[in-house]
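Student: Structure incoming, see below.
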Amino acid sequence: MDLFANLAIGFGIALSPFTLMLAVFGCFIGTIIGALPGLGPSNGVAILIPLTFSMGLDATSALVLMTAVYYGAMYGGRISSILLNIPGDEPALMTTLDGYPMAKAGRAGDALVISGVASFTGAFLSTIGLMLLAPLLARIAFQFGPAEYFALYLLAFATLGGIASNNQAKAAIASCIGLGIAMVGVDNNSGLPRLTFGNMHLFDGIDFLVAIVGLFAIAEVFFFIESHGKNTSIGVKLDKVTVPWKDIWDTKWTQLRSSLIGFVAGVLPGAGASLGSFMAYMSEKSIAGEKGKFGTGVPKGVAAPEAGNNAAAGGALVPMLTLGVPGSGTTAVLLALLMTLNITPGPTLFTERPEVVWGLIASLLIANFVLLLMNVPMVKIFVKILSVPPWVLLPGVTMISFVGIYSLSGSYFDLLLMVGFGALGWVLRKLDVPTVPIILGILLGGHMEDSLRRAMVLSDGDWTYLFSSGIAISLWIVAVAGFVAPMFLRGIMKKPQRITD
Amino acid sequence: MVSDRIFGAVVTLLALAYIASATQIQTSFLADPVGPRTFPYIVGSVAAFCGILMVLRPDADPEWPVLRTMGALFVAVVVLVGYAYALKPLGFLLPTAITAAILSYQISPRPGAAALSGVGLSVGLFIIFKFALGLGLVALPAVLHG
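Taken in order, these protein sequences are the chains called A and B. Residue numbering for the first sequence follows UniProt numbering, starting at 1 and increasing by one per position. Residue numbering for the second sequence follows UniProt numbering, starting at 1 and increasing by one per position.
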């Protein structure tokens, strides 16, 4: 079988002592990043990218390290959700609904263990799913021409804007900001500068890392200054951690169903982990019905969102690796990492650089077991880290961001841009304008324009070429539906409010 | 309501300005059917349209912070801009300690703790960056290095 041969290559790379060490280290850092409120998978991974880059790791090692951080952050997000009622990151929001009541009832340890095991189930099954689905999708992706890619990029923006935001116009504006920024710099086709206003610093374009770190990390600092760190509610104490075997066994179907839902949500371009945990929680809630007592601190209510969220994290890697279209904010950041490392994701990645793909998949499998070990028996270590106060953490994050961006280019101009993006991010998030489409726009803008222009070159300027194949037409239909349908579904899909005490 | 209307109007104006500056893009003799201007035009038009839509159908206003907090945020931006300029000529340690201390004070207004975290972060991060990650940071002002 191909699969096993490929896996053998992958494990050959992943089991080398150095790679293994990177995976363990990444898991550890990732769990910390996920657990700390104010640092989530996307801004956590974003501030680490420049540092990884300047450490001079090769592509596979860098990728292994960062995806371990990514998986780790997905695990870690639940810790502060359960103990502090503050989601460590956005996908962990649903875990607060039952996790915090459970912790208040004196079962904090149980909640952490159940959610840890559910995270493992979700992440493990979705990594298997990734292994099976990604090569298939890569084979289909070989048939994609420029017209199909253009439709696919549009689909990513449409579903991201439609599903993940509250106002389509605002999401579209965000996408346009990103795409508009991507146009700045030297035009690939003609070699002439565009929209640089004669500023030499802008000739190379705006580095997406600068935008990502600004929008995600620096903006977060402004939010903490605004709230004076007051949003930190009183935590619940964690006494003894024992393994509640019975609860884990009772939630087995919940975990399996939620993993499936989460994986599907993750694979959809633009949807991502937040939707995965949301849908997993809501569907388990309706299956359990009134008697399920969801929202009062039941094990199923902790297991469902965590399995869903971690399964979505794996699922989101499928479109990112095979098509080069990220499924969520964090995978957008991982795509930025790939681009920084000069790896072009897409179907050719699987045939030309199998060692990268399969090394990554094997490391994910290993990382999962490491994370299970770290997050169940060793969870107390991470609980201690939660006591790092925001007035040390956030300035620290800022300094790391500055040094990271500075080490990329050594220019103060990038730092100024980063601060500018931070301020912009604060204003936009205040106005409920999503910032992820901006990142996606900056990342994909160049490719999107290229595919449009190449399609027009192929068809000699005939616009109907964009709708000339079955794949392209179906992508257009899904794109329009994904953008329009949520307007009507918004009433039904309303997110439940966080529990406030 | 008002915030969204203002934001929509600003977006529309910026989008129009963007389109206007896109008309100035030079085309080369190697022209493809689309050219370098079309995509910026499309992006600008969509943004302008959505901006108008926001003016017409705004959401409820967010909770803007009070004037004092806005002032604090402004100070933070100014400090960070200053930090961006200072990092190269003044080295890592001094600007970092000052910036971190100010940010720390703004999040939790206790001078002692803020000063401590400023110095601690500056020295701690320098050690990590310089010796664990091997980044080429300069510790002190360029003048002192001679």
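Don't be surprised by glycine CBs; every beta carbon is placed ideally from N, CA and C. Keep in mind the model is a prediction, meaning the values are calculated, not measured.
1. Taking C-beta pairs closer than 8 angstroms, name the residues in chain B that A/V403 reaches, listed in chain order.
2. How would you call A/Q497, buried or exposed, if buried means at least 16 neighbouring beta carbons within 10 angstroms?
3. Counting only C-beta atoms, is B/F74 closer than 7 angstroms to chain A at any point?
4. Name the residues in the segment 60 to 86 of chain B whose C-beta lies less than 8 angstroms from a C-beta of chain A; which are they?
5. Does the contact criterion of 3 or more C-beta pairs under 8 angstroms hold for the segment 427 to 441 of chain A versus the segment 162 to 169 of chain A?
6. With a threshold of 16 other CB atoms inside 10 Å of the CB of A/T95, please say whether the residue is buried or exposed.
7. Who pairs with A/R194 in a beta bridge, going by DSSP?
8. Does the beta carbon of B/L121 come closer than 7 angstroms to any beta carbon on chain A?
9. Give me, in chain order, the residues of the same chain whose beta-carbon lies closer than 6 angstroms to that of A/V221; leave out the 5 immediate sequence neighbours on both sides.
10. Run through the segment 414 to 490 of chain A for me and flag every whole alpha helix (DSSP H) of 4 or more residues, listed as ranges in chain order.
11. Run the CB neighbour count on A/V318, radius 10 Å, all protein chains shown included, and call it buried at 16 or more, exposed below.
12. For A/N85, count neighbouring Cβ atoms within 10 angstroms of its own Cβ and tell me buried if that reaches 16, exposed if not.
13. Give me the chain B residues within the contact set of A/N167, using Cβ-Cβ distance strictly less than 7 angstroms, ordered along the chain.
14. Assuming A/P347 is part of the alpha helix (DSSP H), what are its boundary residues?
15. Evaluate the contact criterion for the segment 30 to 47 of chain A versus the segment 325 to 333 of chain A: three or more CB pairs, one atom per stretch, below 8 angstroms.
16. Report the option in A/L408, A/F369 and A/S451 whose CA atom is closest to the CA atom of A/C27.
17. What residues in the segment 449 to 460 of chain A bring their beta carbon closer than 7 angstroms to a beta carbon of chain B?
18. Is there at least one Cβ from chain A nearer than 7 angstroms to B/S45's Cβ?
19. Run down chain A in chain order and give the residues with a C-beta less than 7 angstroms from the C-beta of B/G51.
20. Going by the CB atoms, is the gap between A/Q255 and A/A303 shorter than 7 angstroms?
21. Going along chain A, which residues have a C-beta under 8 angstroms from B/A113?
22. In whole angstroms, what is the alpha-carbon distance linking A/P244 and A/V298?
23. Can you list, in chain order, the residues of its chain with a C-beta nearer than 7 angstroms to that of A/P354? Leave out the 5 residues immediately preceding and following it.
24. My understanding is that B/G124 touches B/I98, with C-beta atoms under 8 angstroms, so please give their C-beta distance in whole angstroms.
25. Taking C-beta pairs closer than 8 angstroms, name the residues in chain A that B/I25 reaches, listed in chain order.
26. What's the call for A/P50, buried or exposed, on a 16-neighbour Cβ count within 10 Å?
27. Give me the residue from B/I6, B/P141 and B/V78 with the minimum Cα distance to B/L53.
28. Counting only the same chain and skipping the five closest in sequence on each side, list residues whose C-beta sits under 7 angstroms from that of A/V478.
29. Taking Cβ positions, are B/V11 and B/G51 nearer each other than 7 angstroms?
30. So with Cβ pairs under 7 angstroms, would you call B/I19 a contact of chain A?
31. Answer with yes or no whether the minimum CB distance from B/I107 to chain A is below 7 angstroms.
32. Under 7 angstroms between C-beta atoms, does A/A423 make it to chain B?
33. What residues of chain A sit near B/V11, judged by a beta carbon separation below 8 angstroms?
34. I want to see whether chain A comes within less than 7 angstroms of B/L1, judged by CB atoms only; does it?
35. A/M399 CB to nearest chain B CB: under 7 angstroms?
36. Using DSSP with H/G/I as helix, E/B as strand and the rest coil, what is A/P319?
Tutor: By the coordinates alone:
1. Here residue 403 of chain A is taken as the residue at index 403 of the first sequence, counted from 1. The answer, in chain order, is F92, L125, F129, L135 and L137.
2. If you number the first sequence from 1, residue 497 of chain A lands on position 497. In this predicted model, A/Q497 has a pLDDT of only 46, less than 50, meaning its place in the structure is not dependable enough to derive any value.
3. In the second sequence, residue 74 of chain B corresponds to position 74, counting from 1. For B/F74, the answer is no, since every Cβ of chain A falls outside 7 angstroms of its Cβ.
4. P62, W64, P65, T69, A72, L73, A76, V77, L80, V81, Y83, A84 and Y85
5. yes
6. Indexing the first sequence from 1 puts residue 95 of chain A at position 95. It is buried - the Cβ of A/T95 has at least 16 other Cβ atoms within 10 Å.
7. Stepping through the first sequence from its first residue, residue 194 of chain A is reached at position 194. According to DSSP, which records beta bridges pairwise, A/R194 is partnered with A/G185.
8. Position 121 of the second sequence holds residue 121 of chain B. It does; some Cβ of chain A falls within 7 angstroms.
9. The residue you call residue 221 of chain A lines up with position 221 of the first sequence. Answer for A/V221: L394 and T398, listed in chain order.
10. 436 to 459 and 470 to 489
11. In the first sequence, counting from the first residue as 1, residue 318 of chain A sits at position 318. Result: buried.
12. Reading the first sequence from its first residue, position 85 is the one you call residue 85 of chain A. Burial call: buried.
13. Counting from 1 along the first sequence, the entry for residue 167 of chain A is found at position 167. The answer, in chain order, is D59.
14. Counting from 1 along the first sequence, the entry for residue 347 of chain A is found at position 347. A/P347 -> alpha helix (DSSP H) spans P347 to E352.
15. yes
16. Numbered from 1 along the first sequence, position 27 holds the residue referred to as residue 27 of chain A. With distances taken between Cα atoms, A/C27 lies closest to A/F369.
17. E449, L452, R453, M456, V457 and D460
18. Along the second sequence, read from residue 1 onward, the residue named residue 45 of chain B stands at position 45. No, its Cβ sits nowhere closer than 7 angstroms to a Cβ of chain A.
19. Taking the first residue of the second sequence as position 1, residue 51 of chain B is located at position 51. I173, listed in chain order.
20. For this step, residue 303 of chain A is matched to residue 303 along the first sequence. For this step, residue 255 of chain A is matched to residue 255 along the first sequence. Yes, they are a contact pair.
21. As a first step, residue 113 of chain B must be located in the second sequence, where it is residue number 113. Within chain A, the residues near B/A113 are W391.
22. Reading the first sequence from its first residue, position 244 is the one you call residue 244 of chain A. Reading the first sequence from its first residue, position 298 is the one you call residue 298 of chain A. One C-alpha to the other measures close to 13 angstroms.
23. Working through the first sequence from its first residue, we reach residue 354 of chain A at position 354. Here the set comprises N6 and I9.
24. Within the second sequence, numbered from 1, the residue matching residue 124 of chain B stands at position 124. Within the second sequence, numbered from 1, the residue matching residue 98 of chain B stands at position 98. Actually they are not in contact, since the Cβ atoms of B/G124 and B/I98 sit about 15 angstroms apart, beyond 8 angstroms.
25. By one-based count along the second sequence, residue 25 of chain B stands at place 25. Those within 8 angstroms of B/I25 in chain A are D187, L192, R194 and L195.
26. As a first step, residue 50 of chain A must be located in the first sequence, where it is residue number 50. A/P50 is buried by the Cβ-count criterion.
27. For the purposes of this step, residue 53 of chain B is identified with residue 53 of the second sequence, where counting begins at 1. Closest option to B/L53, Cα to Cα, is B/I6.
28. Locating residue 478 of chain A in the first sequence gives position 478, where the first residue counts as 1. The answer, listed in chain order, is L155.
29. Within the second sequence, numbered from 1, the residue matching residue 11 of chain B stands at position 11. Within the second sequence, numbered from 1, the residue matching residue 51 of chain B stands at position 51. Their beta carbons are under 7 angstroms apart, which means B/V11 touches B/G51 by this criterion.
30. The residue you call residue 19 of chain B lines up with position 19 of the second sequence. Output row for B/I19: interface = no.
31. Translated into positions along the second sequence, residue 107 of chain B becomes position 107. Yes, because at least one Cβ of chain A sits closer than 7 angstroms to the Cβ of B/I107.
32. Position 423 of the first sequence holds residue 423 of chain A. Cβ-Cβ to chain B under 7 angstroms: yes for A/A423.
33. Position 11 of the second sequence holds residue 11 of chain B. What B/V11 touches in chain A: I173.
34. As a position in the second sequence, residue 1 of chain B is number 1, starting the count at 1. Looking at the sequence provided, one finds Met at residue 1 of chain B rather than Leu. No, its Cβ sits nowhere closer than 7 angstroms to a Cβ of chain A.
35. Within the first sequence, numbered from 1, the residue matching residue 399 of chain A stands at position 399. With 7 angstroms as the cut-off, A/M399 counts as an interface residue toward chain B.
36. By one-based count along the first sequence, residue 319 of chain A stands at place 319. A/P319 falls in the helix class under three-state DSSP.
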